[in-house]
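In what follows, a structure is listed as structure tokens, so that the remarks can point back to it.
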Amino acid sequence: MITATSTGRKYATQLTDGRGHYIFADVPDDGGGDLYQRPGELIAEGYAACMNITAQKLLAEQGYPADRVETHVEMDRLPDKTVFRAKTTIGGDVPEEVKAVILERITRCPVCKILAGEIELLSL
């Protein structure tokens, strides 16, 4: 379970996963300090991280070192939907055909499935 707790600084919020890992969120507007990522950016960061980690795992499974895997995600909030655009590059001595297969497979990472599926928001 994720828990968000106010910090005493206007809008700065501490988030924890209950396993001892912490991150912070904030907003730049309405007097927020803009010290941390915006909540929406955390969603895009999770998407980028999951695709990147999936690529690293797939490279390892095939015996290639993950010299450098870099994933960029842009998120556009439109009036009727949110659009994510992602690009991953794989560096190192990896054949192009292996890169192509991995780049196709990472579009089915766990977070990709969450974002592409139907989402229902409920209260605890």
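Numbering (the working numbering), first residue to last: 1070 to 1193. Built from N, CA and C at the ideal position, the CB exists for glycine as well.
- Item | Close Cβ partners of ASN1121 (< 6 Å) along its chain, the five nearest in sequence each way excluded | Walking along the sequence shown from the start, residue 1121 turns up at place 52. The residues are VAL1138 and THR1140.
- Task: For TYR1105, count neighbouring Cβ atoms within 10 angstroms of its own Cβ and tell me buried if that reaches 16, exposed if not.
- Result: One-based indexing of the sequence shown puts residue 1105 at position 36. Classified as buried, TYR1105 has 16 or more neighbouring CB atoms from the shown chains inside 10 Å of its CB.
- Apply the 10 Å Cβ neighbour rule to ILE1071 and answer buried if 16 or more other Cβ atoms are within range, or exposed otherwise. One-based indexing of the sequence shown puts residue 1071 at position 2. Exposed is the call here.
- Can you list the alpha helix (DSSP H) stretches of 4 or more residues lying completely in the segment 1096-1177, in chain order? 1108-1130 and 1165-1174
- Query: In terms of residue numbering, what span does the beta strand (DSSP E) encompassing ILE1092 cover?
  - Reply: Here residue 1092 is taken as the residue at index 23 of the sequence shown, counted from 1. Start and end: 1091-1094.
- In whole angstroms, what separates the C-alpha of LYS1126 from that of PRO1148? Here residue 1126 refers to the residue found at position 57 when the sequence shown is read from its first residue. Here residue 1148 refers to the residue found at position 79 when the sequence shown is read from its first residue. Computed Cα separation, rounded: 36 Å.
- Quick check: the segment 1089-1106 against the segment 1152-1166, are there 3 or more CB pairs under 8 Å? no
- Same chain only: Cβ atoms within 6 Å of VAL1163, ignoring 5 sequence neighbours per side: As a position in the sequence shown, residue 1163 is number 94, starting the count at 1. Cβ neighbours of VAL1163 beyond the five flanking positions: TYR1133.
- Kindly identify the DSSP beta-bridge partner or partners of ALA1073. Numbered from its first residue, the sequence shown carries residue 1073 at position 4. In DSSP, ALA1073 forms a bridge with LEU1084.
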